[in-house]
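K.L.:
This is the structure I want to talk about, given as structure tokens.
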Amino acid sequence: MTPELLTTLLISGGGLIALAVFFTFVPVGLWISSFAAGVHVSIFTLVGMRLRRVVPSKIVNPLIKAVKAGIGLNTNQLESHFLAGGNVDRVVNALIAAHRANIELSFERAAAIDLAGRNVLEAVQMSVNPKVIETPFIAGVAMDGIEVKAKARITVRANIDRLVGGAGEETIIARVGEGVVSTIGSQHNHKHVLENPDMISRTVLTKGLDSGTAFEILSIDIADIDIGKNIGAVLQTDQAEADKKIAQAKAEERRAMAIAREQEMKSSVEEMRAKVVAAEAEVPLAMADALRHGKLGVMDYVNYLNVQADTEMRKAIGHPVESDKE
């Protein structure tokens, strides 16, 4: 191989490598597409995007869509949103949808909603086509103690001005549930609720439940209503059972007190009997002392014995069974 041929091959290879690096670093195809679409983005701007580690296609393609839709945007706005971690394509699609639906939405507002973590395109679509949120069965108890269960369908529309910092669907469901429970609980008879279920939706709607939320409530419709348990009867039964147990406990306490009192009285009787026996034991000593000092004669003592024997005889006649046992 001659030196001239080798030099030509080296120059050709170097040129090809240089062209490959150039076309890799400089998105010429993207520049041609933007130029053909009437969006003037210079080569230097695209190179600058590469240097700032911004994917040019994620900026230029949404910019082409925006310009074609008649929305005035520039690369600096889209780049800043991309570098902040936003979804440029979704924001541009939301701006186009809002523009077509005559909804006032600026790029700054759309970018703020996107950076806040909400789907701005879905919010715009919900503003045009309201969303229906279905609640689970919500149970309330009327004043007559009957439980009433209601399921509601809430038609909401996104409020773009309150998407940043506004409460979500969970808050709407919780507030509607609270309104349903309070409305049912304020009725004296559960039949009124069954006869006029729309009374619940009318009452709940007047409370302004969408305040501070990212939605605007258009309507609240009762989809299903059912009767639950007789809570009043259950509570009365439980109360009666509790009263019964309390009464039984008090009766048991009185019975225990009576038994204890009975035992105390028996103990007192035995104590008194012991005193009587002790006193009777002193009688012979007293009689002996009386005989010794002449205060009691022999005939008096004999008469005492006769009286005692007569008393024993009378006891034996009056209680024959006890005498037989003895």
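344 is the number that the working numbering gives the last residue of the sequence shown; the numbers go up by one with no jumps.
Note that CB positions come from ideal geometry on N, CA and C, so glycine has one too.
Evaluate the contact criterion for the region 124-139 versus the region 92-112: three or more CB pairs, one atom per stretch, below 8 Å.
P.N.:
The answer is yes - the region 92-112 touches the region 124-139, with three or more Cβ pairs under 8 Å.
K.L.:
Opposite Lys169 in the DSSP bridges: which residues?
P.N.:
In DSSP, Lys169 forms a bridge with Asp242.
K.L.:
Just to confirm before moving on: does the CB-CB distance between Ile81 and Val57 stay below 8 Å?
P.N.:
The amino acid at residue 81 is misidentified as Ile; the sequence shows Leu. Yes.
K.L.:
Less than 8 Å between the CB atoms is what I'm expecting for Gly163 and Gly250, so what's the real figure, rounded?
P.N.:
The Cβ separation is near 2 Å, so the contact holds.
K.L.:
Which same chain residues, not among the five before or five after Phe17, have their C-beta less than 7 Å away from its C-beta?
P.N.:
In this structure the chain extends from 19 to 344, so residue 17 is not present and cannot be described.
K.L.:
Measure the C-alpha to C-alpha separation of Lys333 and Asn324 and round it to an integer number of angstroms.
P.N.:
About 14 Å.
K.L.:
Is DSSP giving Thr153 helix, strand or coil here?
P.N.:
Here Thr153 sits in coil by DSSP.
K.L.:
Can you grab the Cα-Cα spacing for the pair Ile156 / Val138, in whole Å?
P.N.:
So the two alpha carbons sit approximately 31 Å from each other.
K.L.:
Output needed for Val70: all residues of its chain with C-beta closer than 8 Å, excluding positions within five of it in sequence on either side, in chain order.
P.N.:
Correcting the residue type first, residue 70 is Arg in the shown sequence and not Val. Glu97 and Leu101.
K.L.:
Taking C-beta to C-beta, are Met161 and His117 nearer than 8 Å?
P.N.:
It is not a contact, given that the beta carbons lie outside the stated cut-off.
K.L.:
Identify, in the order they occur along the chain, each residue of the same chain with its Cβ nearer than 8 Å to the Cβ of Asn248, setting aside the five sequence neighbours on each side.
P.N.:
The residues are Gly163, Ile164 and Glu165.
K.L.:
Can you tell me whether Pro74 is buried or exposed? The criterion is at least 16 other CB atoms within 10 Å of its CB, across all chains shown.
P.N.:
Classification for Pro74: buried.
K.L.:
Write down every uninterrupted run of the beta strand (DSSP E) in the region 62-105 whose length is 3 residues or greater and which is fully enclosed by it, in chain order.
P.N.:
The region 62-105 contains no whole beta strand (DSSP E) run of 3 or more residues.
K.L.:
Can you check DSSP and say which residues form a bridge with Glu234?
P.N.:
Glu234 is bridged to Arg175.
K.L.:
Measure the C-alpha to C-alpha separation of Glu140 and Ala241 and round it to an integer number of angstroms.
P.N.:
Whole-angstrom Cα-Cα distance: 26 Å.
K.L.:
To the nearest angstrom, how far is the alpha carbon of Thr255 from that of Thr201?
P.N.:
Each residue's Cα considered, the two are about 26 Å apart.
K.L.:
By DSSP's criteria, Gly158 is part of a beta bridge. Which residues make up the other side?
P.N.:
In DSSP, Gly158 forms a bridge with Val166.
K.L.:
What do you reckon, are the CB atoms on Ala55 and Lys86 nearer than 8 Å?
P.N.:
Going by C-beta atoms, Ala55 is nearer than 8 Å to Lys86.
K.L.:
If we ignore side chains and look at the alpha-carbon of each, how far apart do Arg136 and Val182 end up?
P.N.:
About 8 Å.
K.L.:
Give the DSSP-derived three-state secondary structure of Ser324 in the structure shown.
P.N.:
In the sequence as presented, Ser is not what sits at residue 324; that position holds Asn. Of the three classes helix, strand and coil, the one that applies to Asn324 here is helix, per DSSP.
K.L.:
Who pairs with Asn248 in a beta bridge, going by DSSP?
P.N.:
Bridge partners of Asn248: Ile164.
K.L.:
Quick one: is Asn105 buried, meaning 16 or more other Cβ sit within 10 Å of its Cβ, or exposed?
P.N.:
Label assigned to Asn105: buried.
K.L.:
Excluding the 5 residues preceding and the 5 following Leu113 in the sequence, name in chain order all residues of the same chain whose CB lies nearer than 7 Å to its CB.
P.N.:
Same-chain partners within the cutoff: Ala84, Ile89, Leu123, Phe125 and Ala128.
K.L.:
Between which two residues does the alpha helix (DSSP H) carrying Leu351 extend?
P.N.:
Nothing about residue 351 can be reported from this structure: the residues present for the chain run from 19 to 344 only.
K.L.:
With a 10 Å radius around its C-beta and 16 neighbouring C-beta atoms as the bar for buried, classify Leu253 as buried or exposed.
P.N.:
Burial call: exposed.
K.L.:
Just tell me which of Val146, Tyr319, Val72 and Ala168 has its CA closest to the CA of Pro154.
P.N.:
The option with the nearest alpha carbon to Pro154 is Ala168.
K.L.:
Among the candidates Ile243, Glu259 and Ile172, whose CA atom is the shortest distance from the CA of Ile235?
P.N.:
Among Ile243, Glu259 and Ile172, the Cα nearest to that of Ile235 is on Ile172.
K.L.:
Helix or strand or just coil, what does DSSP make of Ala119?
P.N.:
Of the three classes helix, strand and coil, the one that applies to Ala119 here is coil, per DSSP.
K.L.:
Since Thr221 and Gly197 should fall inside the 8 Å C-beta cutoff, what is the C-beta to C-beta distance between them, to a whole number of angstroms?
P.N.:
About 7 Å; that satisfies the 8 Å criterion.
K.L.:
Throw me the rounded Cβ distance for the Ile243 and Leu223 pair, which I believe falls under 8 Å.
P.N.:
In fact, because the Cβ distance is near 17 Å, the residues do not count as touching under 8 Å.
K.L.:
Using the Cα positions of Val211 and Met217, report the straight-line distance between them to the nearest angstrom.
P.N.:
Each residue's alpha carbon lies about 7 Å from the other.
K.L.:
Check whether the Cβ atoms of Tyr319 and Leu303 sit closer than 8 Å, and answer yes or no.
P.N.:
No, they are not a contact pair.
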